[in-house]
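Just below is one structure, and these are the notes that go with it.
Set out below in C-alpha cells:
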C-alpha cells in the first residue's frame, strides 16, 4: 500500500502545482494585456493635453493658416468626445487627429521663424514622441494579446483557460494596418 | 527573427555552462594535485563553487554602480535631456519594461551602454557625441538596442560571465604561483596520482583563462546580435539602427572613458578601430560592425538574416 499511496500523492501534488503555475501565468498575461491597453489611453490623453499649448504657440505666426489650425482644434474636440463611445469610434477620431497634426507639422516647415522657436520646437518634440508612444503602446498591446491568445489556445493551458473562463482578446487594428500595400512580385 | 533570438539564448546558456564546468574541473584537478586524494579534490570543487556564488552576489549588487562611475556617467533628468528621455520612454512602452535611470557620458565619441542587475534596476548611458550625431530615428535604434540588453537580461548575464572569467583567471594564477613555490615538497611524498594531476593542473591553469576569455567574447558577440534583432522587433525600423551603426563605424575617435573591462558593454567596441575585418576574431567583444549593418539592411529589405547568424 505504501508505494502506491506515495505515487498517488506525488502525482496529485505535481498536478496541483502545474495547474497553479499555468493559472498564474494566464493571470499575469491577462493583466499585461489590460495594462498595455490603459497605456494607450494614457498617451492619447497626453496628446489631447498638449495640443492646446501647440495651437497657442503657433497661432501668432500662422495668420494665413487658420484653416489648418481650426482643423486640428476640431479634430481634437471630436477625439475627446469620442473617447467614451467605444474603441471603434475612438480609433476613428484619433486617426483623424493624427492626420490633422501631420498636416500642421508639414505647414510649420514653411515658417522658418516658427521652426526656430524654442517653445514650438519643444512642443513638436513632445507631440512627435507622443505619436510614437501611441503607436508603440498599440504595438505592445498587440504583442501582449498575441502571447495571451496563443497561451489560451495551446495545450495544456487551454484546459485551465476553459475552466476559469479566460477569453481571447481582440487585436488593435490601426489605419496603418488597413493602408499597408500588399507586396507584388512581378518576376 | 524570433528563432534567431531563441537560438542566441540557447548558445549563451551553453557558453555559461561551459564556464562553470571549467571552473569546477579546475577546482577538482587542483585539489587532487595538491593533496593526492580525490576527497580533497571534491573539497576544493565545493569551495570554488561557494566562492563563485559569493563573488557573483557581490558583483550582482555593486556592479552597475562601479561601471557607471568608471565610465564617468552623470545622471540626467527629463528636463535636461527631453528628447533622449522621450526616446527611452517610447522604448519602455514598446517593450513593457520599466523606465531605467538615464545617464550621459561627456565624450565626443558616439557610443552607448546599459547596465544594472535586472530591468527594475537598470541604467542606460549614452555619450554626448551620440546625442549630437544621431537623428531621432537613429537615436531610437541605438536605445532600442540598449533596452533590448535590459529586456534580455544581458546586463545580468554580462556581470555573471565577467565574475566567472575573473575567478578562473585568478585561480589559475594562484595555482601556478603556488605550484612553483608552495607544494613542490608535498607532491614528492604523495602518490603518483598527485603527480599526474599536478601536470594536468599546470596545463589546465595555462589554458583555462585563455579558453574562458574566448568563451566570454563569444557570449558577448552573440548577445550583441541578439540585441540588434530585438531592437528591430521593438522599433520595426531596421534602417534607424543600421544608419546609426554606419555613423558609429565612420566615427574613428576612441572613447576615453572605456577600458578593456567595460568594452563589452558598449553598443560598438569603444577601443577600436585600426582595421575593419570581415569576420570576428576569437578575442573580439563585438561582431564586425559591417556584418551587423548587413544583417539589418537585409531585414529592412524584407529578407531573412544571412545564414550563419
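Chains as they are written, first to last, in my numbering: chain A, -11 to 175; chain B, 84 to 392.
Ideal placement from N, C-alpha and C gives every residue a C-beta, glycine not left out.
Note that this is a predicted model, so its numbers are computed, not measured.
Listed by chain order, chain B residues near residue i by CB distance under 8 Å
i              : result
residue 24(A)  : 179
residue 110(A) : 165
Delimiting residues of the beta strand (DSSP E) encompassing residue i
i              : result
residue 157(A) : First-last for residue 157(A): undefined, no H or E at that position.
residue 207(B) : 205 to 210
residue 157(B) : 156 to 158
residue 186(B) : 184 to 188
residue 196(B) : 195 to 199
Residues of its chain near residue i, where Cβ-Cβ distance is below 6 Å and the 5 sequence neighbours each way are ignored
i              : result
residue 99(A)  : 49
residue 142(B) : 242 and 246
residue 269(B) : Summary for residue 269(B): the model assigns pLDDT 49, below 50, so the residue's position carries little reliability, and this model does not support an answer.
residue 155(B) : 188 and 340
residue 334(B) : 193
Neighbour list for residue i in chain A, Cβ cutoff strictly below 8 Å
i              : result
residue 176(B) : 27, 31, 121, 124, 125 and 128
Where residue i falls, given that 16 or more other Cβ within 10 Å makes a residue buried
i              : result
residue 349(B) : buried
residue 144(B) : exposed
residue 273(B) : Summary for residue 273(B): the model assigns pLDDT 48, below 50, so the residue's position carries little reliability, and this model does not support an answer.
residue 134(A) : exposed
residue 384(B) : exposed
residue 159(A) : exposed
residue 152(A) : exposed
residue 253(B) : exposed
residue 19(A)  : exposed
residue 240(B) : buried
residue 33(A)  : exposed
residue 74(A)  : exposed
residue 42(B)  : Nothing about residue 42(B) can be reported from this structure: the residues present for chain B run from 84 to 392 only.
residue 9(A)   : exposed
residue 189(B) : exposed
residue 106(A) : exposed
residue 233(B) : buried
residue 121(A) : buried
residue 94(A)  : exposed
residue 127(A) : buried
residue 402(B) : With chain B running from 84 to 392 in the structure shown, residue 402(B) is simply not present.
residue 202(B) : buried
residue 1(A)   : exposed
residue 104(A) : exposed
residue 342(B) : exposed
Delimiting residues of the alpha helix (DSSP H) encompassing residue i
i              : result
residue 144(B) : 121 to 153
residue 118(A) : 106 to 141
residue 165(B) : 165 to 178
residue 342(B) : Premise fails: residue 342(B) is in no alpha helix (DSSP H) and is neither H nor E.
residue 22(A)  : -10 to 47
residue 224(B) : 219 to 234
residue 328(B) : 321 to 333
residue 51(A)  : Run containing residue 51(A): none; DSSP gives neither H nor E here.
residue 161(B) : Taken as a continuous stretch (DSSP letters only), residue 161(B) belongs to no alpha helix (DSSP H), as it is neither H nor E.
residue 85(A)  : 75 to 96
residue 147(A) : 145 to 151
residue 379(B) : 372 to 383
Contacts of residue i in chain A (Cβ-Cβ under 7 Å)
i              : result
residue 173(B) : 117, 120, 121 and 124
Beta-carbon contacts of residue i that lie in its chain and below 8 Å, excluding the five residues immediately before and after
i              : result
residue 101(A) : 49
residue 151(B) : 186, 198, 206 and 208
residue 359(B) : The pLDDT assigned to residue 359(B) is 49, lower than 50, so where the model puts this residue is not dependable; a value taken from the coordinates is nonetheless given after this. Cβ neighbours of residue 359(B) beyond the five flanking positions: 332, 371, 372 and 373.
residue 126(B) : 114
residue 195(B) : 207, 208, 209, 210, 213, 225, 226, 228, 229, 349 and 350
Within chain B, partners of residue i - CB distance below 9 Å
i              : result
residue 113(A) : 165, 166, 169 and 219
residue 20(A)  : 179
Same chain, Cβ closer than 7 Å to residue i, neighbours up to 5 away in sequence not counted
i              : result
residue 89(A)  : 60 and 115
residue 288(B) : 255, 258 and 259
residue 143(A) : none
residue 98(B)  : 298, 301 and 302
residue 140(A) : 146, 149, 154 and 156
residue 138(B) : 246 and 250
Selection of the region 196 to 230 of chain B by Cβ proximity to chain A, strictly under 9 Å: Per Cβ criterion, the list reads 219 and 223.
Using a Cβ-Cβ cut-off of less than 7 Å, list which residues of the region 157 to 170 of chain B approach chain D; keep chain order. Looking at the structure shown, chain D is missing, and the protein chains on hand are A and B.
Selection of the region 66 to 94 of chain A by Cβ proximity to chain B, strictly under 8 Å: Against chain B - using a Cβ distance shorter than 8 Å - the region 66 to 94 of chain A contributes no residues.
For the region 135 to 147 of chain A, which residues have a beta carbon sitting closer than 9 Å to at least one beta carbon of chain B? Listed in sequence order: no entries.
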